[in-house]
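See below for the structure under consideration.
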Amino acid sequence: MKQLLYIFLLIPFSVPAQSSDFIILKKKNKTIRNIFAGSNIEFISTNGAYRDALINAIKNDSIYLQEFVVNRVPTTFGTYMLDTVGSFRYMYHYNQIGSFGPKKQRGFNVGGSGAALMGGGALLTVASGVSYLADKEKFSPGLLAAAVGLGGLGYLMNSSSGKGMVVGKKYRLQYMKMK
């Protein structure tokens with residue numbers, strides 16, 4: 002009996018396995034991200050659908066997704082519990098991925114600050130216009146110029162943030178078929 006145990010321990014057990022296909026996200030021939038089956042993906046498709054789902058498989062140029070519907074359910078203790086209500090399955094061709102979500106925001110929020118500057122600049126511009134119409138002697142052209150400048154700076158800050166990675170401009174997807 003012990004001899005059989007030694008024989009089985011010394012025989013190398015190998016399980017032949019084939020890795021599945023995967024997709025590479027590249028920027029100027031530099032790999033940014035590898036997308037495999039079993040990982041999570043967040044993207045906006047070319048027809049405008051937002052998906053945040055688990056990749057079940059990648060086969061024949063298609064991505065098979067499973068998106069879970071999760072609700073917060075209140076408990077008797079006054080806290081919340083996450084409950085999976087259901088799931089949806091989708092299939093997309095890898096060319097139907099339009100853009101990946103914006104990068105995670107860390108530190109200073111450029112988009113939010115730009116929106117605040119734009120709103121403040123617009124408010125000060127309107128206030129300067131009302132001041133000009135009400136009393137032309139108290140009108141300050143310097144305040145109007147500063148308000149327009151702040152609004153323009155806010156617009157530039159807001160437009161430069163939060164675009165995400167749009168496939169086709171700087172970024173491209175490459176499908177890797179494994180045999």
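Each position in the sequence shown, counted from 1, maps to that position plus 1 in the working numbering. For each residue, glycine too, the CB sits at the ideal point set by N, CA and C.
Proximal residues to residue i (C-beta, below 7 Å), its chain only, five neighbours per side dropped
{"i": "Asn35", "result": "Phe23 and Ile25"}
{"i": "Gly46", "result": "Reading the sequence as shown, one finds Ser at residue 46 and not Gly. Here the set comprises Arg52, Tyr93, Gln97, Ile98 and Gly99."}
{"i": "Val74", "result": "Tyr81, Met82 and Asp84"}
Whole-number beta carbon distance between residue j and residue i, since they are thought to touch under 8 Å
{"i": "Ser63", "j": "Met82", "result": "Contact doesn't hold; Cβ gap of about 35 Å is too wide."}
{"i": "Phe140", "j": "Gly102", "result": "About 46 Å separates the two Cβ atoms, so there is no contact after all."}
{"i": "Asn72", "j": "Leu66", "result": "Contact flag wrong, Cβ pair sits at about 20 Å."}
Which listed residue (the options) has its alpha carbon closest to that of residue i
{"i": "Asn30", "options": "Arg173, Met179, Lys180 and Met177", "result": "Arg173"}
{"i": "Met119", "options": "Ile56, Val149 and Gly99", "result": "Val149"}
{"i": "Leu55", "options": "Tyr65, Gly49, Asn61 and Asn41", "result": "Asn41"}
{"i": "Gly113", "options": "Leu125, Val70, Gly122 and Ser162", "result": "Ser162"}
{"i": "Val111", "options": "Asp84, Ala123 and Leu157", "result": "Leu157"}
{"i": "Gly169", "options": "Lys27, Val127, Asp84 and Met179", "result": "Lys27"}
{"i": "Leu145", "options": "Glu138, Ala128 and Lys137", "result": "Ala128"}
{"i": "Lys171", "options": "Ile33, Lys178, Asn61 and Tyr95", "result": "Ile33"}
{"i": "Lys180", "options": "Gln4, Leu5, Ser21 and Met2", "result": "Ser21"}
{"i": "Met177", "options": "Gly130, Phe37, Thr76 and Met2", "result": "Phe37"}
Per-residue burial, residue i [other beta carbons within 10 Å of its own, 16 or more giving buried]
{"i": "Leu151", "result": "buried"}
{"i": "Ile59", "result": "buried"}
{"i": "Ser88", "result": "exposed"}
{"i": "Gly39", "result": "exposed"}
{"i": "Gly122", "result": "buried"}
Close Cβ partners of residue i (< 8 Å) along its chain, the five nearest in sequence each way excluded
{"i": "Ala116", "result": "Gly155 and Asn159"}
Span separating the alpha-carbon of residue i from that of residue j
{"i": "Gly79", "j": "Glu68", "result": "28 Å"}
{"i": "Ser132", "j": "Gly153", "result": "21 Å"}
{"i": "Leu124", "j": "Gly143", "result": "15 Å"}
{"i": "Thr126", "j": "Ala147", "result": "9 Å"}
{"i": "Thr77", "j": "Arg107", "result": "36 Å"}
{"i": "Tyr95", "j": "Phe109", "result": "33 Å"}
Neighbourhood of residue i by C-beta, 6 Å cutoff - its chain only, sequence neighbours within 5 removed
{"i": "Val70", "result": "Val86 and Gly87"}
{"i": "Asp165", "result": "A small correction: the amino acid at residue 165 is Gly; Asp does not occupy that position in the sequence shown. For Gly165, where only same-chain residues beyond five positions count, the Cβ hits under 6 Å are Ser100, Phe101, Gly102 and Pro103."}
{"i": "Arg90", "result": "Gln67"}
{"i": "Val167", "result": "Ser100"}
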